[in-house]
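With positions in the sequence shown counted from 1, the corresponding number in the numbering used here is that position plus 2.
Below you'll find the structure, written out as C-alpha cells, and then a few comments.
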Amino acid sequence: MRINVLQHTPNEGLGMIQDWSQKNGYEMYIYHPYQFGFLPTAAETDMLVILGGPMSPNDDVDWIKQERVLIKELLDQDKPIFGVCYGAQQIVKTLGYQVTKAPAKEVGFAPVYRRDVKFINLPEELNVLHWHEEMFEIPTDAQLLFSSDKVENQGFIMNHRIVGLQFHLEPKADNVREMVVNDFSYLEGSVLNQTKNEILQTKISDNNKQTLYKLLDYINR
Numbered sequence: 003m004r005i006n007v008l009q010h011t012p013n014e015g016l017g018m019i020q021d022w023s024q025k026n027g028y029e030m031y032i033y034h035p036y037q038f039g040f041l042p043t044a045a046e047t048d049m050l051v052i053l054g055g056p057m058s059p060n061d062d063v064d065w066i067k068q069e070r071v072l073i074k075e076l077l078d079q080d081k082p083i084f085g086v087c088y089g090a091q092q093i094v095k096t097l098g099y100q101v102t103k104a105p106a107k108e109v110g111f112a113p114v115y116r117r118d119v120k121f122i123n124l125p126e127e128l129n130v131l132h133w134h135e136e137m138f139e140i141p142t143d144a145q146l147l148f149s150s151d152k153v154e155n156q157g158f159i160m161n162h163r164i165v166g167l168q169f170h171l172e173p174k175a176d177n178v179r180e181m182v183v184n185d186f187s188y189l190e191g192s193v194l195n196q197t198k199n200e201i202l203q204t205k206i207s208d209n210n211k212q213t214l215y216k217l218l219d220y221i222n223r
C-alpha cells in the first residue's frame, strides 16, 4: 500500500503514524506542498494522511485549494483519509462545511473524551496535545468521536474510511520538543495556561499510540 502524506510545516511531522506505517510494511511518500507546490495524484494514492500546520483552510492560497481537489477525488473513490488538525479541517472544508474560530484557543496537553461511537473500542478519556485555535463543523454523515472541556468538535469518523482529529495523537516526545522549541510563541492566549516547560515535561501515554493505531487500522480494513 502506498501512503501519501501532506506535511505543512517542518515541525509537525508524522511521529507515530510513520511507526504504524513501517510496522505494517507500507510505502510512504511525504509531500511538502507549502514549499514545493507538488501533490500526489489520486491514482497513486492508496491512503492519504493530511498533517497539521499554521495555515487555515479559509486562506485564499492555490495549493490549499488544490489539496481539496485531491481530497474530493479520494472521497469519491472511497479511499482512506486521516486528517490531523489543519488536515481534519481541510476534509471538512472539502465536504462543504465550515471551519471557524474555536470558542477557546487550546495549546498544550488536556483531556479529550470519547463520544458515543459503538463500532470501535476507544478509551473513554485521553490526555492529548492541542495546538489550535480554529475548529471544524461535524459533517452530517459523520459521527462525533471526541470532545474536550473547551471545544466540543475534537474528532469525527465518517463512512468507516475517514477520520479527522482536531488534536494530536501522533507526536512522540521528540516531536513535541520540536513543536515547542520552534513555535513556543503560539502558547500566548491559550486557555490551558501551560508553559513550554510544563508541556515538555508531560509524559505521553501509551494510550495515545494504541488509539492512533486502532483508528488507522480501522479505516484501512
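Glycine is no exception: its CB is placed at the ideal position from the N, C-alpha and C atoms.
- Listed in chain order, the non-local C-beta contacts of K81 below 8 angstroms within the same chain comprise A44, T47, D48, M49, L50 and R163, local neighbours out to five positions each way being set aside.
- According to the DSSP secondary-structure assignment, P59 is paired through a beta bridge with no residue.
- Straight across, the Cα-Cα distance linking A90 with T102 is about 13 angstroms.
- When DSSP reads this structure, F111 sits in a beta bridge with L131.
- By the neighbour-count criterion, in which a residue is buried when 16 or more other Cβ atoms sit within 10 angstroms of its Cβ, T213 is buried.
- Straight through space, the alpha carbons of L171 and K211 are spaced by roughly 7 angstroms.
- DSSP places Q203 outside both helix and strand once states are collapsed to three, so it counts as coil.
- The stretch 168-185 and the stretch 10-24 touch, with no fewer than 3 CB-CB distances between them shorter than 8 angstroms.
- Here the stretch 143-153 makes contact with the stretch 103-114; the two share three or more CB pairs at distances below 8 angstroms.
- Counting only runs that start and end inside the stretch 62-106, the beta strand (DSSP E) elements of at least 3 residues fall at 83-86.
- Relative to the Cα of V94, the nearest Cα in the group F138, V71 and S58 belongs to F138.
- Along the length of the stretch 132-164, whole beta strand (DSSP E) runs at least 3 residues long occupy 144-150 and 157-160, reported in chain order.
- Of the residues assessed, E69 falls on the buried side of the cut-off, its CB having 16 or more other CB atoms within 10 angstroms.
- Contact annotation: L218 and W22 have beta-carbon atoms nearer than 8 angstroms.
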